[in-house]
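There are 2 protein chains.
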Amino acid sequence: MTNSSLLERRQKLLGSAYRLFYTHPLHIVRGEGVWLYDTEGRKYLDMYNNVPHVGHCHPHVVAAICEQAGKLNSHTRYLHENVLDYAERLTAKFADELDTAMFCCTGSEANELALRIARIATGGEGLIVTDYAYHGNTKAIHEISPETCPVEDLPPYVVTVPSPDCYRGRYRDADAGERYAAHVQVALDTLKERGIRPAAFVIDTIISSDGVIAPPPGYLKKAAGIIKAAGGLFIADEVQPGFGRTGKHFWGFEADGVLPDVVTMGKPMGNGHPIAGIVTRADLARAFSNTDGYFNTFGGNPVSCAAALAVLDVIENENLQQNALKVGQYIAAGLQLLADRHEVIGDIRGNGLFIAVELVANSGERTPATKLTARVVNDLRDRGVLTGSIGRDDNILKLRPPMVLQSSEADLMLETLGESLQALAV
Amino acid sequence: MTNSSLLERRQKLLGSAYRLFYTHPLHIVRGEGVWLYDTEGRKYLDMYNNVPHVGHCHPHVVAAICEQAGKLNSHTRYLHENVLDYAERLTAKFADELDTAMFCCTGSEANELALRIARIATGGEGLIVTDYAYHGNTKAIHEISPETCPVEDLPPYVVTVPSPDCYRGRYRDADAGERYAAHVQVALDTLKERGIRPAAFVIDTIISSDGVIAPPPGYLKKAAGIIKAAGGLFIADEVQPGFGRTGKHFWGFEADGVLPDVVTMGKPMGNGHPIAGIVTRADLARAFSNTDGYFNTFGGNPVSCAAALAVLDVIENENLQQNALKVGQYIAAGLQLLADRHEVIGDIRGNGLFIAVELVANSGERTPATKLTARVVNDLRDRGVLTGSIGRDDNILKLRPPMVLQSSEADLMLETLGESLQALAV
Chain A
25 MTNSSLLERR QKLLGSAYRL FYTHPLHIVR GEGVWLYDTE GRKYLDMYNN VPHVGHCHPH
85 VVAAICEQAG KLNSHTRYLH ENVLDYAERL TAKFADELDT AMFCCTGSEA NELALRIARI
145 ATGGEGLIVT DYAYHGNTKA IHEISPETCP VEDLPPYVVT VPSPDCYRGR YRDADAGERY
205 AAHVQVALDT LKERGIRPAA FVIDTIISSD GVIAPPPGYL KKAAGIIKAA GGLFIADEVQ
265 PGFGRTGKHF WGFEADGVLP DVVTMGKPMG NGHPIAGIVT RADLARAFSN TDGYFNTFGG
325 NPVSCAAALA VLDVIENENL QQNALKVGQY IAAGLQLLAD RHEVIGDIRG NGLFIAVELV
385 ANSGERTPAT KLTARVVNDL RDRGVLTGSI GRDDNILKLR PPMVLQSSEA DLMLETLGES
445 LQALAV
Chain B
25 MTNSSLLERR QKLLGSAYRL FYTHPLHIVR GEGVWLYDTE GRKYLDMYNN VPHVGHCHPH
85 VVAAICEQAG KLNSHTRYLH ENVLDYAERL TAKFADELDT AMFCCTGSEA NELALRIARI
145 ATGGEGLIVT DYAYHGNTKA IHEISPETCP VEDLPPYVVT VPSPDCYRGR YRDADAGERY
205 AAHVQVALDT LKERGIRPAA FVIDTIISSD GVIAPPPGYL KKAAGIIKAA GGLFIADEVQ
265 PGFGRTGKHF WGFEADGVLP DVVTMGKPMG NGHPIAGIVT RADLARAFSN TDGYFNTFGG
325 NPVSCAAALA VLDVIENENL QQNALKVGQY IAAGLQLLAD RHEVIGDIRG NGLFIAVELV
385 ANSGERTPAT KLTARVVNDL RDRGVLTGSI GRDDNILKLR PPMVLQSSEA DLMLETLGES
445 LQALAV
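If you read the sequences in order, they're chains A and B. Sequential numbering from 25 applies to the first sequence in the working numbering. Sequential numbering from 25 applies to the second sequence in the working numbering.
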C-alpha cells in the first residue's frame, strides 16, 4: 500500500488528532538496534527514539516478553515474583530512603500517582512546574504541562517558574542555578497569596520540552530545598533522562546530589512494552495507603516486569550507561567541530545521549531558526538520519537515540548533519 | 519462596496500597485457558478474570505478540498498518456513525480521553455517573468513581444518579427503566442550579461496581436521549461488558438499541497486553483535533495492535460471543437450581459470561450477606474456584471468566459453589 493510501486510511480511521513526523512520513516496518527500516528496505539511523532504550527489538527483551507471555500474564492481586524482583532491582538503583516502588502503564499515569501521593501526604494542592513543561496527557497532568495547556487554562493551583535555560533564559551567569531556583520561592508566594498550600514541585531532571535543558549546578538542590521547606514534595520526572541516558548518572537528579521525594519513570522502562512507575519513600507510600488503595489492571503484571527486568539486564551487561557517556561525549565534540563551521549552531548542550543542538538565525541575538530547523529535520530524514525538534520555538534538534549507539554510527550522524547544513547553505 | 516471605518482600517493596485477593493469597505461576496454576501445581478454575478474555496465554495471541515484538515496536508518529488494520476491524464492530478509533494503554486513559472530547465538543463541564460507579484511577476519573471517591470529595461538576438496580434499588417494577432514567434529568437540573453545563453521562453498560447490574429495558435509551437533548454526550464504558462478553451482543449498549457518542474500552482488548481505546464519531474527533492533538507514547503501537488483532481473530474463529451466550445461559440455569436449595441466593443476574449472584441473609428483607460472601469467596478459592465479590455491600459474587469457559467447567463451578454453600450451612 502506498503512503498516500495509508495516509487516507489513517485520516479516516484515526481522525486528525494524530500527527505524523516529517513532511514525507515514514512507513517503518522493522527495527534492530539503532536502525529502522521502511517498506522498501531503506534503513534509517534512529537518533530520536528513546523508548527502545536498549535498541529496537533487543533479543533479550523480546525473549523475556515471549517467555512470560506464554506462561502467565495476570495482575498484582496474586503474588508473583516478577514484580517483586523488579521492584527490588529498581529500588536498588536509588539511595536507601527511596525504597518503595509502584507500577502503572504510562508516564502520565506515573505522574498522576505522584501527584495523588503528594496531595495526600502534604494536604496541599499547589503545584509548581517549569513554564514550558510537558508531563503527560491526562487532565491533571495536562494541567501541569504548559507546552500543551495554554497558560490561560492553567488552574490557580498551578504556578510556573522560568525554565533554567542558561543559553536563552534570563540568567546566564555562574549564579544562574541559584537565581532560577529562587523563582520556586516566588511561585510559593503566589500560591500563598491565592490561599493554596503547596503539594509539589515537579520537574524533568533534564528538562525536555523546554529545550533539553540540563539544570545548571545547584538548581535542583536549591529548588528542592525551597519546596521541602514549604512542606511540599520534590518530584523528579525521570521519564526521559532516567535509566542511564545522561551517562554520568543512572538518574538525572543525581547530577545535583539531590534526593527527590518521588521519582516518576516510563518510556524506556520496558523498551516499548507499556510499563511505567514511581519510586518513593516508605513513609509517603504509607501516608497514601492510609487513605487510598492502589490498583492498576495492567500495572506491574508479570509480562511487563519481565520486559523491565530484561531491560535492566541489558543496561548492565552491555554497560549502556558508560556507552551513553562515551558516545555522548564523542557526539558533543563532533558537534562542536560542526559549530565552528556553521554559525547556525547556537548552542550544544545535554548529557550523555540526551543532546540538544539549538539552531539560531543570528548568533548574536540568538534568533530562533524555527523554519530552518524543520528543514534540517526533514532533510536529515531524507538522508537517512532520524531526529526531531523541540522547544518553545521548535528550533532545537533533539538527539536521543537508543543507548546502544556506537561511535561509528555517531560519525554517520555527524557527517550527515554536516552535509545537510552545507546543502541548506547555512 | 514461601508465601509468607513473599508477603514480607511485597510489603517492603510495594508498600501497603497494594491489596491481595483472598485471606490466603494465591501465588500463581502459570495460566492456560480458564485455568491458573500455583507454585505447587495446584490448578484453579478462573471464574473471575476478564482480562485474559480469550483464555490465559492463548497461543494465537502470544504468537502475535512475539512475532511483532521481534520485528518492530514503535509509535503512531510513523505510518504502520497494524494500527489501521485494527482501527478498521474495531470500528466495523459498530454502527457506521462510530467510525473513528483512538488508542491508549488503560481504561482510565480511555475514559480520560472520552471526557476531554466531551468537554471540548460540548463546551460543558458537568458529568453524570451512577452512584457507586468505578471508571478508573487517574484524578479526573477518580472524581467520577464514587466507589473509591468519597461522596463528599466529588467536585460540584459531578452529579450522581441512582444505579438502575431492580433487585435492591428504589424502583423494581416494569417501569423501572424509565423511572431510573428520569434521574438523569434530575441530575441535569442540579448541574443547572450550580451554573454548570453538562458534558456527558458516563455509564458501564453492565454496571459492574454497583453490583453487575444490567440496566433495565429502556434505561440506556431514555437516559441517552435526556443527556443528548441537554447538549451532553452519552459515553458508554465498555471496559468490562465489551467484546462479546454479554453473549447476545458484542457491546453492552446494543442490548438497548442505543447509539453512544463515545465508547471506551480496555481490559480484554489485548488479552492482558496493555491496550485501551475509544471509538467515536468523526465530527467529535474533529472537534477534539481542532483544539488538541493526541499522542500516547505506547498507545496504538504495532505490538499492542498485533495483540488486539489476534484477540479479535480468536473471538471470531472460536465463536466466543456465542459461547458466552450459551455457557452463560447454562450457568444461569444451574445457579437457579442452586437458588432453589439455598435461600441465601437472593438474586441471579447478568448477561452471557458476566454474572452476579447476590447473597442475602434474609430473602424477604434482602439484608446483604456481606461476611458470608467473603467466606464463600475464600472457601471457593480453597476448593479451587476463583471468584470475587462486588457491590456497595460486597455481598455479590462476581462471575466473569475468560470467554472460552466450557459447560463442563461451568458444572465444576456450580458443583463447587453448591458444596461451599452446603459446608457453610446456608
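All residues carry an ideal CB built from backbone N, CA and C; glycine is no exception. Note that the coordinates shown come from a computational prediction; the quantities given were computed from them, not determined experimentally.
Taking C-beta pairs closer than 9 Å, name the residues in chain B that His-51 (chain A) reaches, listed in chain order. Tyr-102, Leu-103, His-104, Glu-105
Practice prompt. Please report how far the alpha carbon of Ala-222 (chain A) lies from the alpha carbon of Thr-146 (chain A), in whole angstroms.
Written response: Reading off the sequence, residue 222 (chain A) comes out as Pro, not Ala. Distance between the alpha carbons of Pro-222 (chain A) and Thr-146 (chain A): 8 Å.
Checklist entry - Going by beta carbon distance, what residues of the same chain come within less than 6 Å of Pro-205 (chain A), once the five residues before and after it are set aside? => result Reading the sequence as shown, one finds Ala at residue 205 (chain A) and not Pro. Correct list, in chain order: Tyr-243, Lys-246, Ala-247.
Contact set between Pro-76 (chain A) and chain B, taken where Cβ atoms lie within less than 9 Å: Asn-97, Ser-98
Problem set entry | Where Ser-444 (chain A) falls: helix, strand or coil (DSSP) | helix
Requested in this report: Leaving aside the five residues before and after Asp-435 (chain B) along the sequence, list all residues of the same chain whose C-beta is less than 8 Å from its C-beta, in chain order.
Outcome: Gly-358
Check: Interface residues of chain A around Arg-33 (chain B) at Cβ under 7 Å?
Finding: Leu-108
One or two residues paired with Lys-67 (chain B) in a DSSP bridge:
B:Tyr-61
If you follow the beta strand (DSSP E) that Ser-413 (chain A) is part of, which residue opens it and which one closes it?
-> 412 to 414
key: Partners in chain A for His-80 (chain B), counting only beta-carbon separations shorter than 9 Å   = Leu-96, Asn-97, Ser-98
Under a Cβ-count criterion, where at least 16 other Cβ atoms within 10 Å of its own Cβ denotes burial, should Ser-38 (chain B) be classed as buried or exposed? The sequence shown places Leu at residue 38 (chain B), rather than the Ser named in the question. So Leu-38 (chain B) ends up on the buried side.
What does Glu-136 (chain A) reach in chain B if we use C-beta pairs closer than 7 Å?
Thr-162, Lys-163
Exercise. Find out if the Cβ-Cβ distance for the pair Ile-302 (chain B), Leu-151 (chain B) is shorter than 8 Å.
Key: no
Quiz item: In terms of alpha-carbon separation, which member of A:Ala-198, A:Phe-118, A:Pro-174, A:Pro-170 lies closest to Ser-187 (chain A)?
Solution: A:Pro-170
Would you say the stretch 276 to 288 of chain A touches the stretch 228 to 242 of chain A, given that touching needs at least three Cβ pairs under 8 Å? yes
Output needed for Ser-132 (chain A): all residues of its chain with C-beta closer than 7 Å, excluding positions within five of it in sequence on either side, in chain order. Gly-160, Asn-161, Thr-162, Ile-165
**Reduced DSSP category for Ala-300 (chain B) - H, G, I as helix; E, B as strand; rest coil** = Of the three classes helix, strand and coil, the one that applies to Ala-300 (chain B) here is strand, per DSSP.
Candidates B:Gly-408, B:Asn-320, B:Tyr-354, B:Ala-363, of which the one nearest Arg-101 (chain B) by Cα:
B:Asn-320
CB Met-71 (chain B) to CB Met-437 (chain B), shorter than 8 Å? yes
- Below 8 Å, can you find three or more Cβ-Cβ pairs linking the stretch 332 to 346 of chain A to the stretch 53 to 68 of chain B? no
ask   = What is the DSSP secondary structure of Ile-251 (chain A), counted as helix, strand or coil?
value = helix
Straight-line gap, Ser-444 (chain B) to Arg-196 (chain B) (C-alpha atoms, nearest Å): 30 Å
query = Would you call the stretch 292 to 309 of chain B and the stretch 322 to 331 of chain B touching, i.e. three or more CB-CB distances under 8 Å?
reply = yes
Whose Cβ in chain B lies nearer than 7 Å to the Cβ of Asn-402 (chain A)?
Simply none; closest approach about 14 Å.
Measure the C-alpha to C-alpha separation of Val-450 (chain B) and Thr-397 (chain B) and round it to an integer number of angstroms.
-> 11 Å
Q.
Please tell me whether Pro-298 (chain A) has its Cβ less than 8 Å away from any Cβ of chain B.
A. yes
Establish whether the CB of Ile-355 (chain A) and some CB of chain B are separated by less than 8 Å.
no
Who are Val-454 (chain B)'s beta bridge partners in DSSP?
-> Outside the displayed range of chain B (25 to 450) lies residue 454 (chain B), so it cannot be described from this structure.
Query raised in the report: For Arg-194 (chain A), is the classification buried or exposed, using 16 other Cβ atoms within 10 angstroms of its Cβ as the cut-off for buried?
Result: Classification of Arg-194 (chain A): exposed, given that the 10 Å Cβ count is below 16.
I'd like to know whether the C-beta of Arg-424 (chain A) is nearer than 8 Å to at least one C-beta of chain B. no
First through last residue of the alpha helix (DSSP H) which encompasses Val-335 (chain A)
326 to 341
*Find out if the Cβ-Cβ distance for the pair Val-286 (chain B), Ala-111 (chain B) is shorter than 8 Å.*
No, the Cβ-Cβ distance between Val-286 (chain B) and Ala-111 (chain B) is not below 8 Å.
According to DSSP, is His-166 (chain B) helix, strand or coil?
-> helix
task: With a 10 Å radius around its C-beta and 16 neighbouring C-beta atoms as the bar for buried, classify Pro-425 (chain A) as buried or exposed.
output: buried
- prompt: If you draw a straight line from the alpha carbon of Gly-94 (chain B) to that of Ser-98 (chain A), how long is it in whole angstroms?
  reply: 22 Å
So for Ile-144 (chain A), helix, strand or coil by DSSP? helix
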